[in-house]
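A short write-up of the structure that comes next.
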Amino acid sequence: MGSLDKAMSILKHLGDPPYEFSLSELASFVDIGKSGAFKILKTLQAHNFVIQDFLTKKYHLSPIMIRLGNVYGRLKGIEEITRPVLSYISRTLGETTYISVWEGDRAFPAYKNVVRGGCYDAADFIGTSIPLNSGGSAMVLCAYQDGELMRKILSTAELEKRTPFTIMDREGLLEEYEKIRERGYAIEDETFTLGEITLAVPVFAQEGVVIASLGLSAPKHHLPEEKIPEWIHILKKGAEEISISFRFRH
């Protein structure tokens, strides 16, 4: 791994909880000595990508990431396009909705519409990586990636057992991705949080490329099995509207 790769790995790691790390922790993460990690961090500091806390001496991302994220969002029009759809579905079904995007080897929610008293009402999960083996919106995104790429990612990914129902077997997980791709949606039934269910569908761009997933999370007692087809239909119509808007914009 070259210096640039190590620097990028450090930046991505700083985007994960607890969002700030010591020099020793970052050196260990990229498997280099502290002197090598220090040089990389000094370069990142010089270009205003990371900041070292004066008191704790730990490193965290700098405000430049907000600007860069806003630039990307405006360029692609993600928020402008998705917000009305998220709002409409949340009003129609009375549940929390969100858009998740793929980051090359992980998925994270980019925008959400929370209903009062609904799932994630008190938790801000935007920008936090979703487990590849339990989050419905992440599993949709994984399902539409290249199979060999997913095998490679899963070979080193640390799978988190969030509930007794979470899939921990890597081959079983690849089989689940195949099922999701065949039916065109994911149903995450208490594999992420007990008592909650998530439905998620892909958002397509040109040439069948999946650029995002549209998800909905609800307390399980809000969504009896007979309602699932109807809610999936509403999500797919929302995803189709988002897809069309993206095609016209670009």
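Using the working numbering, the first residue of the sequence shown is number 22, and each one after it goes up by one. Glycine is no exception: its CB is placed at the ideal position from the N, C-alpha and C atoms. Remember, it's a predicted structure, so these values are computed and weren't measured experimentally.
Between T113 and the set I265, S266, G259, R268, the nearest pair of CA atoms involves G259.
Nearest to V136 by alpha-carbon distance, out of Q73, S111, I31, is S111. In the DSSP annotation of this structure, the continuous segment of the alpha helix (DSSP H) that includes K33 starts and ends at 24 to 34.
With contacts defined by Cβ atoms closer than 9 Å, T149 and N134 do not form a contacting pair. Between K173 and E211, the gap from beta carbon to beta carbon reaches 9 Å or more.
According to the DSSP assignment, L220 belongs to the beta strand (DSSP E) that extends over 217 to 225. When secondary structure is reduced to three states using DSSP, A239 falls in the strand class. Of D26, Q166, S234, I265, the smallest CA-CA separation from I253 is found for S234.
When DSSP reads this structure, F42 sits in a beta bridge with Y80. Across the structure, A131 and S56 are spaced so that their CA atoms are roughly 35 Å apart.
Annotated three-state conformation of F75 is coil, per DSSP.
The residue among K257, Y40, Q227 with its C-alpha nearest the C-alpha of M86 is Y40.
Residue burial annotation: S108 is exposed, with fewer than 16 other C-beta atoms found within 10 angstroms of its C-beta.
The Cβ-Cβ distance between V222 and V161 falls below 9 Å. For F129, the enclosing beta strand (DSSP E) begins and ends at 128 to 134. Taking a 10 Å sphere around the C-beta of G156, we find 16 or more other C-beta atoms and assign the residue as buried. Contact annotation: G236 and L215 have beta-carbon atoms that are not nearer than 9 Å. Taking the CA atoms as reference points, T77 sits about 46 Å from E199. Using a 10 angstroms sphere on the CB of L170, the tally of other CB atoms stays under 16, which defines it as exposed.
Around the CB of K248, fewer than 16 other CB atoms lie within 10 Å, so the residue is classed as exposed.
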